[in-house]
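Protein chains in written order, with our numbering: chain A, 1 to 286; chain B, 1001 to 1254; chain C, 2001 to 2327.
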């Protein structure tokens, strides 16, 4: 009798779904970075729905589309009969999530603003779909590669393995240059603080001149930019425009030919972040 | 100055009915000319043709030997001044500013008025007894005062002819008499449309009757205002009461 | 109020021009850092002043002038004191041109050109549709303008769903109004259009007075009403169509500057048309200075959209004037 009660207790505990994990078979991702993470966790062939912006990895292109970046179609989602839908918290998600849950489908909301958020979300997602170990491995690899990259650029190839594994290698990295990461030129929108992009800048040893802003993507003043004399400018606007920066002749970045045009496609808060960081390094080392 | 109206017809665009048909008459002697008739008879249309706002579909209007409609609108405005029935003034112009607008046909590019223009405007305002209202905004004035402002504007235009469309419409009886007395005191050839037969009888020297676009008759009020004519034109029985030189009518209730 | 004399007209406009120049210099000096334009400047200050601030303040001047003048012209033409310069199709026309340019990935330089063509085209369309017997009345013009605006705007909303996320962001900035740094050749072109438009509209001041005091009496006083209406519409559209592709739809100025100008100077368009231009220029320059400087030293370090500042400051001031007897 006692044993039956204990078993019943455990069953209720698990069935209550507090930390419901399952071997989900039909996954839908509502954002490109989440799609990448799902594939990196090895469940790519269980993904049945993605957005039109999900281009990585190439296999994602063949999967059914449930909508664009910010307007997924609830109907399409339901038609695909998923058992789990993953999304990030944005303005449309609460309503959407509620509707999906009403249909009896499990949802998972993952924050991917900062680098820490990305690591945490990968692990959470891994747990949810019963790929916890794989997720932890992925995060370790990412941290390792990020640190290796930083070390290489900072001290010219000197790598301390013990430091790297703890993942806080950038704490000891000196900020060698002043820089800024531009999302859009006109109006000028840059990376502020609290996002994975500002974290990447730190890893690259760049002191973000817009880092003092509370906002993630402040509408920055060109004057402030000029007054702070950045040594390097990363420009992620959709099409490169060298002429735009060349006229600001007082900028060290312009004088030293250190204005770099990056492909925004690479800078996605997901498993390709180490590659993105490498790209930042390679760009700034010529 | 003689105004000859010859075989005027007018057809409104998108309309199949002619508003005026073969109207011919002459305004030579006498100063106060009234155009009467029921609603829709074409009184205002005829007046607008005389001001040049409408061009007749057929026929001509001659001012002495000149075809009125072959003149430029600016030239024409130096002969014919017009006071329309009711106008919306969108902005708070002062009385003086409105009267000065009557000088438009004489002004240059930017419309800056000369000393002489100001004098003429002043004269017009004094003649219509609104000089003391010159700084007031039009919105603040009474119906009678407003009408005097528009008349003053037309006066400032300094034309031989002054055309008025229902100058007494929307006015109280007291103001009706006041305005008409003012109009006939001006030294101008007046052509006005009137609704009220009795007022026309008291103030006009010659009148014409229009009905459904046709000219029914022309003559002095005593000749024109008869039981027969009123029956024909307004389809109403009336009593005629002759007082001094006027023929007044009022409905026959029997 | 006494009628306008040439002396008063000249004197007032000269005073306004001097005032505008002062505001221009003030706006140049203010920003994240106070820089006096005529001293010796470090290379950074030089860049800030001449490459970042000057084109921007100049655009604000041109745009404010165009908005003030055409706002007054449209209110007079449409006999409606709630009309703003965007009401007759510019807003949707310009935005549609920009969104089409972005959707078809046209080169940067071409997008404002397409936007201007589209804005201007929309206005010509409005005029043509509203014409009956080659004439327009304020009523039909207004209705047609509002209808076309709504119609074109529907296209914009549809296209917005089809373009990329970044592009739709760009559209939003256009719709909000955004005074940024533009190249000198674009500014020169805009200046030419605004100048020509302003010259012709000022000339139409007298006609606007008469049109606002009864179109019938105006015609009877020898004014060619259809011709003047056409001219006013054309040149006001030219000015507005030129600034919107660069500055976007900066709201409120075209609506309330005419009222303020009339409140101060009376209703005579001969003075109000050019005066509202100068006042509009000053207001927008000041609002833009505020937009780019207000939050710079706070922990947000961000600029504000100027299209938010103009109504934010303008509306309370406008209400205050209403209480004081603005008509």
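The beta carbon of each residue, even a glycine, is placed where N, CA and C say it ideally should be.
Just measuring C-alpha positions, the residue of 136(A), 130(A) and 105(A) sitting nearest residue 120(A) is 136(A).
Interface residue (Cβ-Cβ distance to chain C less than 8 Å): residue 116(A) is not classified as such. Cβ-Cβ separation between residue 142(A) and residue 230(A): approximately 28 Å, too far for a contact (criterion under 8 Å). Within 7 Å of the CB of residue 247(A), the CB atoms of chain C belong to 2051, in sequence order along the chain. Contact annotation, residue 1047(B) with residue 1193(B): C-beta distance approximately 6 Å; criterion of less than 8 Å satisfied. Contact of residue 2062(C) with chain B is not assigned, every C-beta pair being separated by 8 Å or more. For residue 1067(B), the three-state secondary structure derived from DSSP is strand. For chain C, the residues of the region 221-246 of chain A that bring a beta carbon within less than 8 Å of one of its beta carbons are 221, 222, 223, 224, 226, 227, 229, 238, 239 and 241, in chain order.
The residue among 21(A), 211(A), 61(A) and 4(A) with its C-alpha nearest the C-alpha of residue 29(A) is 61(A).
The region 2191-2199 of chain C and the region 1025-1034 of chain B do not touch, with fewer than 3 CB-CB distances between them shorter than 8 Å. Residue environment: residue 1012(B) is assigned as exposed (fewer than 16 neighbouring CB atoms within 10 Å of its CB, all protein chains considered).
In this structure, DSSP gives residue 2133(C) a state outside helix and strand, which the three-state scheme calls coil. Cβ contact annotation for residue 2235(C) (same chain, cutoff 6 Å, sequence separation greater than five): 2197, 2200 and 2201, in chain order. Taking each of 182(A), 216(A), 203(A) and 254(A) in turn and checking the Cα distance to residue 263(A), the smallest one comes out for 182(A). The contact set of residue 2210(C) on chain B, defined by CB atoms closer than 8 Å, consists of 1101 and 1104 in chain order.
In this chain, the alpha helix (DSSP H) harbouring residue 1144(B) covers 1143-1156. The alpha-carbon separation between residue 1006(B) and residue 1043(B) amounts to approximately 16 Å.
Across the set 2290(C), 2215(C) and 2155(C), the C-alpha of 2155(C) shows the shortest separation from the C-alpha of residue 2091(C). A direct Cα-Cα distance of roughly 24 Å separates residue 2126(C) from residue 2160(C).
In its chain, beyond the 5 residues on either side, 114 and 115 have a beta carbon closer than 7 Å to the beta carbon of residue 199(A). In the same chain as residue 123(A), and ignoring 5 residues on each side of it, the C-beta atoms closer than 8 Å to its own belong to 132, 135, 136 and 139, in chain order. The alpha carbon of residue 1036(B) has as its nearest neighbour, out of 1164(B), 1237(B) and 1121(B), the alpha carbon of 1164(B). When 1236(B), 1027(B) and 1219(B) are compared, the shortest CA-CA separation from residue 1062(B) is found for 1027(B). Under the DSSP assignment, residue 184(A) falls outside any alpha helix (DSSP H), being part of the beta strand (DSSP E) whose first and last residues are 177-184. Annotated three-state conformation of residue 1249(B) is strand, per DSSP.
Proximity of residue 1143(B) to chain C, defined by a Cβ-Cβ separation below 8 Å, is not satisfied. Ranked by how close their Cα comes to the Cα of residue 2203(C), the residues 1108(B), 1017(B) and 1142(B) have 1108(B) in first place. Here the alpha carbon of residue 1218(B) sits roughly 23 Å from the alpha carbon of residue 1085(B). Taking 8 Å as the CB threshold, residue 179(A) stays off the interface with chain C. About 17 Å separates the beta carbons of residue 2081(C) and residue 1087(B), which is beyond the 8 Å limit, so they are not a contact pair. One thing to note: residue 2093(C) has its Cβ no nearer than 8 Å to the Cβ of residue 2071(C). Around residue 2043(C), the beta-carbon contacts reaching into chain A at under 8 Å are 249 and 250.
Within 9 Å of the CB of residue 2033(C), the CB atoms of chain A belong to 223, 224 and 227, in sequence order along the chain.
One finds nothing in chain C with a Cβ atom closer than 7 Å to the Cβ of residue 60(A); even the nearest lies about 17 Å away. Residue 2229(C) has a beta carbon lying at 8 Å or more from every beta carbon in chain B. Only those residues of the region 207-219 of chain A whose C-beta falls short of 7 Å from the nearest C-beta of chain C are listed: 210, 212, 213, 214, 215, 218 and 219.
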